[in-house]
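Inspection log for the structure reproduced underneath, given as structure tokens.
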Amino acid sequence: MGSEQRVAAETHVLTLPLPFQGHINPMLQFSKRLASKGLKVTPLSFTDKEWTKAAEHGSVNVQIIFDDTLFAEITDQEDTVYINNLYATVKRRLPEVVAKHGESGYPISCLVYDSLMPWALDIAMELGLLGATLFTQSLAVSNIYYEVHQGKLKVPVEKTAVAVEGMPPLEIHDLPSFLFDLENYPLSLKLSASQFSNIGEADWVFFNTFNSLEDEVLNLMARQCAIKPVGPTIPSMYTDNRVKDDKDYGLSLFKPDVESLFKPDVESCMKWLDSREPCSVVYVSFGSLSILGERQMEEIACGLKMSCHYFLWVVRETEKEKFPSRFLDETSEKGLVVTWCPQLEVLAHKSVGCFMTHCGWNSTLEALSMGVPMVAMPQWADQTTNAKFVADVWRVGVRVKVDEEGIVTGKEIELRIREVMEEETAIEIRKNSEKWEKLAKEAVDEDGSSDKNIQEFVAKLICNST
Ligand code: UDX
91 MGSEQRVAAE THVLTLPLPF QGHINPMLQF SKRLASKGLK VTPLSFTDKE
141 WTKAAEHGSV NVQIIFDDTL FAEITDQEDT VYINNLYATV KRRLPEVVAK
191 HGESGYPISC LVYDSLMPWA LDIAMELGLL GATLFTQSLA VSNIYYEVHQ
241 GKLKVPVEKT AVAVEGMPPL EIHDLPSFLF DLENYPLSLK LSASQFSNIG
291 EADWVFFNTF NSLEDEVLNL MARQCAIKPV GPTIPSMYTD NRVKDDKDYG
341 LSLFKPDVES LFKPDVESCM KWLDSREPCS VVYVSFGSLS ILGERQMEEI
391 ACGLKMSCHY FLWVVRETEK EKFPSRFLDE TSEKGLVVTW CPQLEVLAHK
441 SVGCFMTHCG WNSTLEALSM GVPMVAMPQW ADQTTNAKFV ADVWRVGVRV
491 KVDEEGIVTG KEIELRIREV MEEETAIEIR KNSEKWEKLA KEAVDEDGSS
541 DKNIQEFVAK LICNST
């Protein structure tokens, strides 16, 4: 090992994701990218769930800092208690972790924390560490929250449309739901705006996005602080053409099946997909948190049936009781329903023709990076804004319309699936999807825009350590 490599391997970074699937995935993947550049990286976990075993397979060792049922079930009303508990845990455990690694000869130089825990920066600074925040939502959405933080955008939004600098015209249903749904989510907006409370003190501000995807908002926000896009934080086995073509997964940054809070049904999904024609399957998933009503489930089932396409539908264990089970008997030839799947592998599979998605930021970036057209059916939070960009800005999919009762009907679902899978519009959408797939890969390839930002970060940390 050369002296430079040795210094890199001794440069030690802690990463701290929020304990939700949509936050663990990008932080863990970013951790592995840093490790692939030679750094020693230790992700910290608030849970002892399955994902911590990534240590056995990957280049990073996850360290559990807390384990309690405290984090099992929360509602928005309890957000403050929950966040206070996270804060107390980090405040208590981080000094111990830092001291222990110092004694073992691998002192910590930097903490990379989820932007929704801005107080982690204060704790890191007290311990003499550098601090880097990672935003796991889009720049566009963050720009809206930043306007709220600055008081430029008044909430609750009561107008039908708003103008936000650097963004296309936004109707109320394009804004993050927290901006007008203050009654149901009183604390979520406060939390989202708080991401900017001490941003000026962070040594680095990272975003899980890439330059060309959000260039206009990036140029605008970069006037306020030095934003560094580092995304899409997807393992190289999916973004590196060489690796994919050779089917040589040796270079992969991690095996995707070990990091879930949920157990994926890998074998049945992949076997079932293998037996389908290219681009013939509609993949349906609403992420790790969304809760659908019983009637909405019925309508989705109905729409899938009427579309006459094959489908792979993820219905989480906690959602299963609302699932119209007779639907499975009627469509057993056409579909597979699982409680969790290896989503990256599914999206990379040639038989998947489109993704009916809630537009969580990870799902959106994953589909975009793998060139899979989308039927956007946003539920809440940032998903509504992501859906706007999917349909109208990047034009890699279509968005469903919600009726007066707040339902997306089966007929609407059938029509939108056909639009993306069959009709003339499908050709343009597929062309756009291929364009963005290429641009996403370029960003994370060696010397691409995101890769350069990561290289710069690593070089500065190593320089600080010598
Ligand atoms: C949440 C929010 O809802 C989202 O809007 C925000 O941007 C991040 O946090 P979630 O709803 O779970 O996340 O959606 P998403 O961001 O798409 O993350 C889900 C992750 O779970 C993705 O990385 C996806 O690949 C993975 N997944 C999902 C699976 O591995 N298997 C599945 O069956 C479904």
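Residue numbers for the sequence shown follow this note's numbering, beginning at 91 and rising by one.
For glycine and all other residues, C-beta sits at the position ideal for the given N, C-alpha and C.
Keep in mind it's a predicted model, so treat the numbers as computed, not measured.
Going by the C-beta, is residue i closer than 8 Å to any heavy atom of the ligand FAD?
{"i": "residue 487", "result": "Of the ligands one can find in the structure shown, namely the ligand UDX, none is the ligand FAD."}
Helix, strand or coil, according to DSSP, for residue i in the structure here?
{"i": "residue 136", "result": "coil"}
{"i": "residue 171", "result": "helix"}
{"i": "residue 450", "result": "coil"}
{"i": "residue 537", "result": "coil"}
{"i": "residue 402", "result": "strand"}
{"i": "residue 153", "result": "strand"}
{"i": "residue 380", "result": "coil"}
{"i": "residue 103", "result": "strand"}
{"i": "residue 324", "result": "coil"}
{"i": "residue 394", "result": "helix"}
{"i": "residue 221", "result": "strand"}
{"i": "residue 121", "result": "helix"}
{"i": "residue 235", "result": "helix"}
{"i": "residue 196", "result": "coil"}
{"i": "residue 365", "result": "coil"}
{"i": "residue 205", "result": "coil"}
{"i": "residue 247", "result": "coil"}
{"i": "residue 116", "result": "helix"}
{"i": "residue 242", "result": "coil"}
{"i": "residue 319", "result": "strand"}
{"i": "residue 127", "result": "coil"}
{"i": "residue 228", "result": "coil"}
{"i": "residue 93", "result": "helix"}
{"i": "residue 375", "result": "strand"}
Using 8 Å as the cut-off, classify the Cβ of residue i as near or not near the heavy atoms of the ligand UDX, replying yes or no.
{"i": "residue 309", "result": "no"}
{"i": "residue 472", "result": "yes"}
{"i": "residue 476", "result": "yes"}
{"i": "residue 431", "result": "yes"}
{"i": "residue 268", "result": "no"}
{"i": "residue 522", "result": "no"}
{"i": "residue 304", "result": "no"}
{"i": "residue 113", "result": "yes"}
{"i": "residue 352", "result": "yes"}
{"i": "residue 375", "result": "yes"}
{"i": "residue 439", "result": "no"}
{"i": "residue 362", "result": "no"}
{"i": "residue 320", "result": "no"}
{"i": "residue 449", "result": "yes"}
{"i": "residue 297", "result": "no"}
{"i": "residue 452", "result": "yes"}
{"i": "residue 584", "result": "In the structure as shown, the chain begins at 91 and stops at 556. Residue 584 is therefore absent and cannot be evaluated."}
{"i": "residue 176", "result": "no"}
{"i": "residue 110", "result": "yes"}
{"i": "residue 459", "result": "no"}
{"i": "residue 227", "result": "yes"}
{"i": "residue 404", "result": "yes"}
{"i": "residue 380", "result": "yes"}
{"i": "residue 106", "result": "no"}
Do residue i and residue j have their C-beta atoms within less than 9 Å of each other?
{"i": "residue 488", "j": "residue 506", "result": "yes"}
{"i": "residue 206", "j": "residue 322", "result": "no"}
{"i": "residue 463", "j": "residue 360", "result": "no"}
{"i": "residue 200", "j": "residue 551", "result": "yes"}
{"i": "residue 286", "j": "residue 208", "result": "yes"}
{"i": "residue 548", "j": "residue 132", "result": "no"}
{"i": "residue 504", "j": "residue 394", "result": "yes"}
{"i": "residue 319", "j": "residue 299", "result": "yes"}
{"i": "residue 390", "j": "residue 409", "result": "no"}
{"i": "residue 115", "j": "residue 296", "result": "no"}
{"i": "residue 292", "j": "residue 221", "result": "yes"}
{"i": "residue 442", "j": "residue 402", "result": "yes"}
{"i": "residue 471", "j": "residue 278", "result": "yes"}
{"i": "residue 180", "j": "residue 198", "result": "no"}
{"i": "residue 283", "j": "residue 257", "result": "no"}
{"i": "residue 383", "j": "residue 424", "result": "no"}
{"i": "residue 124", "j": "residue 219", "result": "no"}
{"i": "residue 516", "j": "residue 527", "result": "no"}
{"i": "residue 303", "j": "residue 478", "result": "no"}
{"i": "residue 466", "j": "residue 476", "result": "yes"}
{"i": "residue 376", "j": "residue 447", "result": "yes"}
Between residue i and chain C, is any beta-carbon pair separated by less than 9 Å?
{"i": "residue 274", "result": "The structure shown has no chain C; it contains just one protein chain."}
Secondary structure, alpha helix (DSSP H): runs of 4+ residues fully inside the region 253-307: DSSP runs (the alpha helix (DSSP H)) wholly in the region 253-307: 278-284.
Output the residue ranges of the alpha helix (DSSP H) runs that lie fully inside the region 456-487 and measure 4 residues or longer, sorted by chain position. Qualifying alpha helix (DSSP H) stretches, in chain order: 473-478.
Tell me the start and end of each unbroken alpha helix (DSSP H) in the region 409-444 that is at least 4 residues and wholly inside, in chain order. Scanning the region 409-444 for uninterrupted alpha helix (DSSP H) segments of 4 residues or longer gives 416-421, 433-438, listed from N- to C-terminal end.
Which parts of the region 487-547 are runs of the alpha helix (DSSP H), unbroken and 4 residues or longer, counting only runs that do not cross its ends? Those alpha helix (DSSP H) runs which fall completely within the region 487-547 and span 4+ residues are 500-511, 514-534.
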